[in-house]
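Written out below as structure tokens is the structure these notes cover.
Protein chains: 2
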Amino acid sequence: MAEIRALRRDPRRRDAVATRAAILAAARDQFGRLGYDCTALRDIAAAAGADVALIKRYFGGKEALFTEALKAAFRSDFLAAWDPWSFPRDFATAMAGGPNEDEARTQSFQFLLRAATSPSTAPLLNAAIQERFLEPIRQWLGEADAPGRARALAAAVIGLLVERLIRGEALQGGEREAFIARVTAMLERIVTAA
Amino acid sequence: MAEIRALRRDPRRRDAVATRAAILAAARDQFGRLGYDCTALRDIAAAAGADVALIKRYFGGKEALFTEALKAAFRSDFLAAWDPWSFPRDFATAMAGGPNEDEARTQSFQFLLRAATSPSTAPLLNAAIQERFLEPIRQWLGEADAPGRARALAAAVIGLLVERLIRGEALQGGEREAFIARVTAMLERIVTAA
DNA sequence: AACCCATGTCAATGCACGTTGACTTATGCC
DNA sequence: GGCATAAGTCAACGTGCATTGACATGGGTT
Chain A
1 MAEIRALRRD PRRRDAVATR AAILAAARDQ FGRLGYDCTA LRDIAAAAGA
51 DVALIKRYFG GKEALFTEAL KAAFRSDFLA AWDPWSFPRD FATAMAGGPN
101 EDEARTQSFQ FLLRAATSPS TAPLLNAAIQ ERFLEPIRQW LGEADAPGRA
151 RALAAAVIGL LVERLIRGEA LQGGEREAFI ARVTAMLERI VTAA
Chain B
195 MAEIRALRRD PRRRDAVATR AAILAAARDQ FGRLGYDCTA LRDIAAAAGA
245 DVALIKRYFG GKEALFTEAL KAAFRSDFLA AWDPWSFPRD FATAMAGGPN
295 EDEARTQSFQ FLLRAATSPS TAPLLNAAIQ ERFLEPIRQW LGEADAPGRA
345 RALAAAVIGL LVERLIRGEA LQGGEREAFI ARVTAMLERI VTAA
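Protein sequence lines correspond, in order, to chains A and B.
Note that the working numbering has the first sequence beginning at 1, numbered continuously upward.
Note that the working numbering has the second sequence beginning at 195, numbered continuously upward.
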């Protein structure tokens with residue numbers, strides 16, 4: 001919230017590009033957390049410290065803002081934030097936490113998940129998501145059998161995100177340990193080349 | 195549509211239980227296809243050949259109707275249809291196919307997916323998941339560390355079903371082979387007790 | 001046949017939202 | 001300093017929705 005609003009260097013200053021960027025960042029955040037349908041433009045504007053009418057001026061409408069945010073989510077390549085070597089354990093640990101704990105690194109994943117599963121956006125965007133979601137994974141894996149492994153990894157990531165989303169809270173104690181251990185092993189079976 | 199409405203033996207006859215059943219069936223269908231937020235009670239009532247006010251009378255409101263439909267959708271759990279020993283390879287093979295090939299066993303999952311990705315229903319879903327999804331998996335796994343493993347398996351299963359749903363078609367050739375191999379190995383890491 | 005309650009119908013209310021146009025104010029240029 | 005234009009504000013409109021209570025009607029009971 002505060003950091004999104006801080007994109008505008010001074011609240012009283014008039015800066016179109018900063019305002020636009022703040023709106024876009026807030027849109028990415030809210031669309032990613034709530035999905036297309038449950039996100040209100042008024043809330044996005046409020047989070048960005050802007051007015052609803054500016055969304056119309058700068059983006060045209062809700063759908064246009066969503067597609068713009070989608071592009072932005074793709075642009076910052078989500079996988080680059082993860083080290084392939086430690087990815088299985090790191091991701092498993094992140095997924096053992098609550099859905100709001102590792103937002104910075106998982107925001108892009110969340111956004112793609114929402115875009116893929118929202119009835120309003122899925123028909124138009126599923127194909128594009130497939131191309132732009134799977135292709136980076138393939139290059140990230142960068143070995144033979146990459147297509148099949150990319151699909152498997154995509155499935156695992158999606159499932160873990162959904163499960164964490166449903167769970168709503170962090171795992172505790174032995175359940176957390178067992179979960180991390182199993183998920184780590186599971187992801188290693190896909191990420192490792194052999 | 196027609197078959198849902200046909201639950202009422204005669205449209206002109208007054209039959210509370212038939213009307214209730216028709217509404218519930220229509221709710222399952224629409225919630226499953228559109229998700230909670232995009233489903234209008236008016237449409238459910240129309241599909242059931244009933245009036246909106248009857249939904250209030252018989253169920254109380256939208257949320258109550260949803261939870262009722264959720265219970266009904268979970269009544270047939272598809273895990274019971276699988277043999278634990280050959281589950282990893284069998285399920286991996288099934289997931290390599292198209293989404294319409296195994297519809298009977300995965301129908302209730304569509305409902306779960308839509309419910310999971312809607313913020314309004316995620317809290318409601320958690321309890322149902324615990325009771326009707328994780329608990330059977332635990333008993334199915336039947337070993338120590340079952341809670342953590344059950345969550346991991348649930349995540350994997352959900353992700354695979356979603357990926358297949360998004361993919362829309364069966365995998366072919368080498369991609370299919372690699373996918374099955376990886377997913378089998380992945381599931382074995384969770385299903386096997388050690 | 002008359003009555004009564006369950007069943008079904010209808011219209012109104014209030015709310016949340018996206019959209020829109022008119023209005024106000026700051027900023028940079030002449 | 002004054003002006004033109006960009007930047008930001010505000011209130012209103014229309015729409016779709018869940019909810020609600022009042023009203024109508026069928027069908028079983030006496």
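Note that the Cβ used here is the ideal one computed from N, Cα and C, for glycine as well.
Leaving aside the five residues before and after residue i along the sequence, list all residues of the same chain whose C-beta is less than 6 Å from its C-beta, in chain order.
i	result
Glu-363 (chain B)	Gly-292
Pro-176 (chain A)	For clarity, residue 176 (chain A) is Arg in the given sequence; the question names Pro instead. Excluding residues within five positions, the ones whose Cβ falls inside 6 Å are Ala-96.
Arg-20 (chain A)	Tyr-58
Ala-81 (chain A)	Arg-105
Thr-233 (chain B)	Gln-224, Phe-225
Ser-312 (chain B)	Gly-229, Tyr-230, Asp-231
Val-377 (chain B)	Ala-286
List the endpoints of the continuous alpha helix (DSSP H) containing residue i.
i	result
Gln-324 (chain B)	Per DSSP, Gln-324 (chain B) belongs to no alpha helix (DSSP H) and is neither H nor E.
Arg-33 (chain A)	16-34
Pro-174 (chain A)	A small fix is needed here, since residue 174 (chain A) is Gly in this sequence, not Pro. 173-191 is the extent of the alpha helix (DSSP H) around Gly-174 (chain A).
Pro-84 (chain A)	Where Pro-84 (chain A) is concerned, there is no enclosing alpha helix (DSSP H), given that its DSSP letter is neither H nor E.
Ala-46 (chain A)	41-48
Gly-353 (chain B)	340-361
Ala-247 (chain B)	246-253
Glu-329 (chain B)	329-335
Arg-13 (chain A)	That residue, Arg-13 (chain A), is in no alpha helix (DSSP H); it is neither H nor E in DSSP.
Glu-262 (chain B)	256-268
Ala-80 (chain A)	Counting along the chain, Ala-80 (chain A) falls outside any alpha helix (DSSP H), and DSSP gives it neither H nor E.
Thr-106 (chain A)	103-117
What does residue i touch in chain B if you count any residue whose Cβ is under 7 Å from its own?
i	result
Ser-120 (chain A)	Cys-232
Ile-158 (chain A)	Gly-353, Val-356, Glu-357
Arg-189 (chain A)	Arg-376, Ala-379, Met-380, Arg-383
Leaving out five residues before and five after residue i in sequence, what residues of the same chain have Cβ atoms less than 8 Å from its Cβ?
i	result
Ala-322 (chain B)	Thr-261, Leu-264, Lys-265, Phe-268
Ile-23 (chain A)	Ile-44, Ala-45, Ala-48, Ala-50, Leu-54, Ile-55, Tyr-58, Phe-59, Leu-65
Leu-153 (chain A)	Ile-137, Leu-141, Leu-187, Ile-190, Val-191
Leu-328 (chain B)	Pro-341, Ala-344, Arg-345, Ala-348
Arg-308 (chain B)	Phe-225, Gly-226, Arg-227, Leu-228, Gly-229, Tyr-230
Leu-359 (chain B)	Pro-293, Gln-304, Leu-307
Leu-319 (chain B)	Leu-264, Leu-306, Ala-309, Ala-310
Applying the 10 Å Cβ sphere with the 16-neighbour rule, what's the burial state of residue i?
i	result
Arg-149 (chain A)	buried
Pro-282 (chain B)	buried
Val-162 (chain A)	buried
Gln-110 (chain A)	buried
Arg-13 (chain A)	exposed
Ala-338 (chain B)	exposed
Ala-310 (chain B)	buried
Val-157 (chain A)	buried
Gly-61 (chain A)	exposed
Gly-159 (chain A)	buried
Ala-210 (chain B)	exposed
Glu-280 (chain B)	In the sequence as displayed, the identity of residue 280 (chain B) is Ser instead of Glu. Exposed: under 16 other Cβ atoms inside 10 Å.
Ala-387 (chain B)	exposed
Show which residues of chain B have a CB atom less than 9 Å away from the CB atom of residue i.
i	result
Glu-177 (chain A)	Asp-339, Gly-342
Keeping to the same chain, check which residues put their C-beta closer than 7 Å to that of residue i; ignore five residues upstream and five downstream.
i	result
Ser-314 (chain B)	Tyr-230, Asp-231
Phe-373 (chain B)	Ala-290, Leu-365
Thr-93 (chain A)	Ile-180
Val-52 (chain A)	Leu-41, Arg-42, Ala-45
Asp-102 (chain A)	Ala-94
Ala-316 (chain B)	Ala-310
I want to verify the contact list: residues of chain A whose CB lies under 8 Å from the CB of residue i, in sequence order.
i	result
Thr-311 (chain B)	Gly-35, Leu-113, Arg-114, Thr-117, Ser-118, Val-162, Leu-165
Arg-345 (chain B)	Glu-163, Arg-167, Leu-171, Glu-175, Phe-179
Val-211 (chain B)	By Cβ distance, chain A contributes nothing, its closest Cβ being about 31 Å from Val-211 (chain B), past 8 Å.
Going along chain A in order, which residues have a C-beta closer than 7 Å to the C-beta of residue i?
i	result
Arg-319 (chain B)	The residue asked about is misnamed: residue 319 (chain B) is Leu in this sequence, not Arg. Chain A residues near Leu-319 (chain B): Ile-166.
Ala-348 (chain B)	Glu-163
In chain A, which residues lie less than 9 Å from residue i when you measure between Cβ atoms?
i	result
Ile-323 (chain B)	Glu-163, Ile-166, Arg-167
Query raised in the report: Which residues, in order along the region 25-59 of chain A, keep a beta-carbon less than 8 Å from a beta-carbon of chain B?
Result: Arg-33, Leu-34, Gly-35, Asp-37, Cys-38
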